[in-house]
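Student: Quick one: the structure is below, and I'll ask about it shortly.
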Amino acid sequence: MAAESAILVLNAGSSSLKFQVVVPETADVLTKGLVERIGEDGSDVPDHGAAMGVVTDQLAEAGVDRTGLRAVGHRVVHGGPDFSDPVLVDDAVIADIRDLVPLAPLHNPGALAGIEAARAAFDVPQVAVFDTAFFTSLPAAASTYAIPKDVRERHRVRRYGFHGTSHRYVSRAAATFLGRPLDSFSQVVLHLGNGCSASAIAGGVAIDTSMGLTPLQGLVMGTRSGDIDPAVFSFLHSAAGLEVAEIDAMLNKRSGLKGLAGVNDFREVLSRADAGDEDAGLALDVYVHRLRHYVGAYTAVLGGLDVLTFTAGVGENAPVLRARVLQTLGRLGLSVDPGRNEAPSREARVISPDGSPVTVLVVPTNEELEIARQAAALLDGPT
Ligand code: ADP
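For what it's worth, the working numbering labels the leading residue of the sequence shown as 1367, then goes sequentially.
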């Protein structure tokens, strides 16, 4: 495969750098890896520049000619309300991403460090692909929180949504798999990984999503609570003497499955529940209840559902969870065929019975491929 058509996809966090060289046209992965503990005590990778050195070494070992790369595609978590499409990185774009740091203090600084390091290391176009972009289409009714206008506007408080690259990829892959035009059906996508999110997609356009101002809102996740009464903050502050930062850390890092069952790995929750662990059983009940809640709500928001698609680690690999979620949703037209649901596969597949009012799919996500494709499409320009 000619390396000149390959794109280096980077997902940079504050202390990690995930990379993959992928050919967008064929989905071939030429090499991939993960640099961890960047800048941490005792690490031999002091900063993102050094991490990029590890990347270039691995590319050389894999026989990928870095001068022949077509572009570097960067996953940027927060693009704010305005970045609805991928963009070529220049100084103005970097300033815009920096301006969004207050909205994504844990994520955008890492992305910026990755972009700066990649600009120095690779003399090819750099493309930023935003995790929020797919959800800039949300109607105001869905994106607006019912709080005072001056606060919303001054501090940019609204629902942004995240995991958009995955929701976009999976919803389009579902249309391709079904051989149906994207604009001809309504779909709910359930991205269930460590982070979890749901989206409602009408004719290919996102009209609702479960994550909000931050990725904390919505479904029960590995370590995040998802939806709670916002008064939990003031209540725990006054009743338990906890500071805002402590409550924030608790809700993001020690809640969700971890808070309920003591572990955040879904496989472990399942095996503990199977063994009769009551906390794990409750964790599953809460996780499933929240999922049904969103599937029902989004069916209503869409005015009826044609396709429900499961994706990511849990969604792709846990038939027992898929069956449980749909168990009570028969009157919404949702059900699974047990044989199809349980058949092991890594491909897109239908798991509902023939003739179901709603087609239920499992579609593996591939965010790196989506970023590479979006970068390539931007460079190719309008056709
Ligand atoms: P991330 O959000 O980090 O990309 P993934 O999409 O890889 O996460 O999903 C990780 C989750 O998927 C973990 O909770 C893991 O336990 C779960 N998972 C992976 N394989 C299975 C499986 N075979 N059965 C149940 N859960 C699984």
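C-beta: ideal position from N, C-alpha, C; glycine also.
Note that the structure is a prediction, hence the values are computed from the model and not measured.
Does the segment 1707-1718 come close enough to the segment 1678-1695 to have 3 or more Cβ pairs within less than 8 Å?
Tutor: They touch, by the three-pair rule.
Student: Between the C-alpha atoms of A1539 and V1729, what's the straight-line distance to the nearest angstrom?
Tutor: Roughly 7 Å between the two C-alpha positions.
Student: Going by C-alpha to C-alpha distance, which of A1499, S1604, P1471, I1594 sits closest to S1380?
Tutor: Here the closest residue by C-alpha is P1471.
Student: Between V1586 and V1652, is the Cβ-Cβ spacing less than 8 Å?
Tutor: Contact: yes.
Student: Closer than 7 Å by C-beta to A1743: which residues in its own chain qualify, once you throw out the five before and the five after it? Chain order, please.
Tutor: Closer than 7 Å at Cβ, skipping near neighbours: no residue.
Student: What do you get for H1655, buried or exposed, if any count of 16 or more other CB atoms within 10 angstroms of its CB means buried?
Tutor: It counts as exposed.
Student: To test your reading of the DSSP string, which unbroken alpha helix (DSSP H) runs of 4 or more residues are found completely within the segment 1515-1568?
Tutor: 1515-1521, 1530-1544, all fully within the segment 1515-1568.
Student: What are the residues that DSSP puts in a beta bridge with F1676?
Tutor: According to DSSP, which records beta bridges pairwise, F1676 is partnered with L1556, V1728.
Student: Excluding five sequence neighbours on each side, which residues of the same chain lie with their C-beta closer than 8 Å to the C-beta of V1495?
Tutor: Only G1439, H1440, R1441, V1442, P1452, T1531, E1736, I1737, Q1740, A1741 meet the Cβ criterion.
Student: Got a sec? Which residues, its chain only, sit under 7 Å from L1478 by beta carbon, not counting five neighbours each side?
Tutor: Closer than 7 Å at Cβ, skipping near neighbours: I1460, I1463, R1464.
Student: Within its chain, find whatever has a CB closer than 7 Å to the CB of P1412; leave out the 5 residues flanking it on each side and keep chain order.
Tutor: So the list reads G1405, once near-sequence residues are dropped.
Student: Please classify D1497: is it buried, with 16 or more other beta-carbons within 10 angstroms of its beta-carbon, or exposed?
Tutor: Buried: at least 16 other Cβ atoms inside 10 Å.
Student: Return helix, strand or coil for N1474, following the three-state DSSP convention.
Tutor: Helix, per DSSP.
Student: Going by DSSP, name the residue or residues bridged to H1440.
Tutor: In DSSP, H1440 forms a bridge with L1376, A1494.
Student: For G1747, which residues in the same chain have their Cβ closer than 8 Å to its Cβ, ignoring the five residues on either side in sequence?
Tutor: Nothing listed; no residue qualifies.
Student: Roughly how many angstroms lie between the CA atoms of I1723 and S1503, to the nearest whole one?
Tutor: In the sequence on display, residue 1723 carries Pro and not Ile. Using only the alpha carbons, I get a separation of about 27 Å.
Student: Secondary structure at V1654, three-state DSSP: helix, strand or coil?
Tutor: If DSSP states are grouped into helix, strand and coil, V1654 belongs with the helices.
Student: Compute every distance between the C-beta of R1633 and the non-hydrogen atoms of the ligand ADP, then say whether any falls below 7 Å.
Tutor: Because some heavy atom of the ligand ADP lies under 7 Å away, the Cβ of R1633 counts as near it: yes.
Student: Check this for me: beta carbons of A1426 and L1396, under 8 Å apart or not?
Tutor: Not in contact: A1426 and L1396 (Cβ atoms no closer than 8 Å).
Student: Does any heavy atom of the ligand ADP sit closer than 7 Å to the C-beta of L1636?
Tutor: Yes, since a heavy atom of the ligand ADP falls inside the 7 Å radius drawn around the Cβ of L1636.
Student: If I measure Cβ to Cβ from G1670 and keep anything under 7 Å in the same chain, skipping five residues before and after, which residues do I get?
Tutor: So the qualifying residues of the chain are S1552.
Student: Considering only the beta carbon of each residue, do T1575 and S1563 sit closer than 8 Å?
Tutor: Yes, Cβ-Cβ distance for T1575 and S1563 is below 8 Å.
Student: Is V1680 near the ligand ADP, going by C-beta to nearest heavy atom under 7 Å?
Tutor: Answer for V1680: yes, Cβ within range of the ligand ADP.
Student: Per DSSP, L1400 is paired with what?
Tutor: DSSP, once it has assigned bridges, lists K1384 as partnering L1400.
Student: Might you give, ordered along the chain, the residues of its own chain that have their beta carbon closer than 8 Å to the beta carbon of G1570, omitting 5 neighbours on each side?
Tutor: Here the set comprises S1537, R1538, A1541, L1548, D1549.
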